[in-house]
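Numbering (our numbering), first residue to last: 43 to 229. One structure is given here, and the rest of the page talks about it.
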């Protein structure tokens, strides 16, 4: 077993409402989450809730030179794991904070608008007000034509997400434990 797996499992066992899954996302889910991202033209990408960094790894590997990646991780153990994994990445900001504080961090980094937001947050288990605030800020700070990409294990939060995004495309990824739905959302 890898250190990432053990760390993820430990965090799930102690904080299931914020971790949301027993295993890290699969490489198949990561590929499906990256598919909507136009890496050739993205200047600013944000990731919420990277956990052990399955999506972060793909974002860093595929982004163009000069593309800024801002990653929000509120879990201290995952934050420190990511800090060790990516100590010297250029244009990479790892923030130990909730995505609820997106606005203040964008202001401090002088980032006007975001092209893509990739989320691993478990909206089905987050407190409702937290979900509302994160989705509100996500919609507010996306560039015109920008995309919010998230995954969920059920379709229960489709209507909630639909309150903030008028266009939602959904694809299912069966090669994940558990299988997941990828939501690609735009205004």
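Glycine included, each C-beta is placed from N, C-alpha and C at the ideal position. From a predicted model like this one, the values you see are computed outputs, not experimental measurements.
To the nearest angstrom, report how far apart residue i and residue j are at their CA atoms.
i	j	result
residue 203	residue 177	7 Å
residue 104	residue 226	18 Å
residue 209	residue 193	15 Å
residue 113	residue 86	11 Å
residue 218	residue 67	6 Å
residue 147	residue 179	12 Å
residue 121	residue 101	17 Å
residue 47	residue 91	For residue 47, the pLDDT reaches just 47, beneath the cut-off of 50, and the residue's location in the model is therefore unreliable, leaving the point undetermined.
residue 195	residue 165	10 Å
In the DSSP assignment, what residue or residues form a beta bridge with residue i?
i	result
residue 119	Paired residues: none, contrary to the question.
Kindly indicate the opening and closing residues of the beta strand (DSSP E) around residue i.
i	result
residue 222	222-228
residue 86	86-90
Between which two residues does the alpha helix (DSSP H) containing residue i stretch?
i	result
residue 100	96-104
residue 70	69-76
residue 174	170-183
residue 200	200-204
| query | Does the pairing of the region 67-78 with the region 133-141 give three or more beta-carbon distances under 8 Å? | reply | By the Cβ test, the region 67-78 is not in contact with the region 133-141, since fewer than three Cβ pairs between them sit closer than 8 Å.
| the region 182-189 touching the region 211-224, judged by at least three CB pairs closer than 8 Å | In this structure the region 182-189 does not touch the region 211-224; the number of beta carbon pairs closer than 8 Å is below three.
| Which parts of the region 113-167 are runs of the beta strand (DSSP E), unbroken and 3 residues or longer, counting only runs that do not cross its ends? | Within the region 113-167, the complete beta strand (DSSP E) runs of at least 3 residues fall at 134-137, 156-161.
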